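In this note's numbering, the protein residues as written are 95 to 315.
Beta carbons are placed, not taken as given, at the ideal position from N, Cα and C, and that holds for glycine.
Everything numeric in this text was worked out from a predicted model, so none of it was measured.
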């Protein structure tokens, strides 16, 4: 567990918390021990609170947009990406069935594990410990350009809607790279004319970057 604790940036006073956070129900059923679901419950609340507080303090957006941005940050895909970067899959304790069917790479299992690890950090090291982990592994992935502006797709839609009958459409134009480091490209069009293109780690991020390019074009930036 020492290499993982180094990645997490915390040495556990109660290492059994981390062990439980890595224990899937399939393993617990076979070995009659506690699984990580109760920790996941706590971690979900801590994650939501920390992300919501950070958005309130750092992003000047109305409540509706902050809600959408928070949802993007705490969604399964975002947590799966954090788990991949940390290599949590190699430390999971899985039952034989899950092991044989690719459980170490299953997004739902890894996302739940991240929430459980957040809870373990919170219970062992306090809120500051959990907050530091969330900032480094989840909030840090928020594009620096997105922070002040927020949701470029919504801004573009609101701008276009000033002309009645106008609507934008998005298209995925390509993807490259291995599964653990995929890059997507997307374009946004208005009335058949491409207004902008962008690239991102996810399809949604690529669409956001395309919307940003379109906004700059329409505003003459």
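Around the C-beta of residue i, are 16 or more other C-beta atoms found within 10 angstroms, so that it is buried, or is it exposed?
{"i": "residue 127", "result": "exposed"}
{"i": "residue 310", "result": "exposed"}
{"i": "residue 120", "result": "buried"}
{"i": "residue 125", "result": "exposed"}
{"i": "residue 192", "result": "buried"}
{"i": "residue 214", "result": "buried"}
Look up residue i in the DSSP assignment and give the residues it is bridged to.
{"i": "residue 269", "result": "278"}
{"i": "residue 283", "result": "263 and 288"}
{"i": "residue 187", "result": "117"}
With DSSP run on the structure shown, which of helix, strand or coil describes residue i?
{"i": "residue 117", "result": "strand"}
{"i": "residue 294", "result": "strand"}
{"i": "residue 200", "result": "coil"}
{"i": "residue 236", "result": "coil"}
{"i": "residue 140", "result": "helix"}
{"i": "residue 151", "result": "helix"}
{"i": "residue 157", "result": "helix"}
What does a CB cutoff of less than 7 Å around residue i pick up in its chain, not counting 5 residues either side in sequence?
{"i": "residue 122", "result": "128 and 129"}
{"i": "residue 141", "result": "168, 209, 212 and 228"}
{"i": "residue 185", "result": "98 and 116"}
{"i": "residue 225", "result": "144"}
Output needed for residue i: all residues of its chain with C-beta closer than 6 Å, excluding positions within five of it in sequence on either side, in chain order.
{"i": "residue 265", "result": "281"}
{"i": "residue 231", "result": "176"}
{"i": "residue 134", "result": "206, 209 and 210"}
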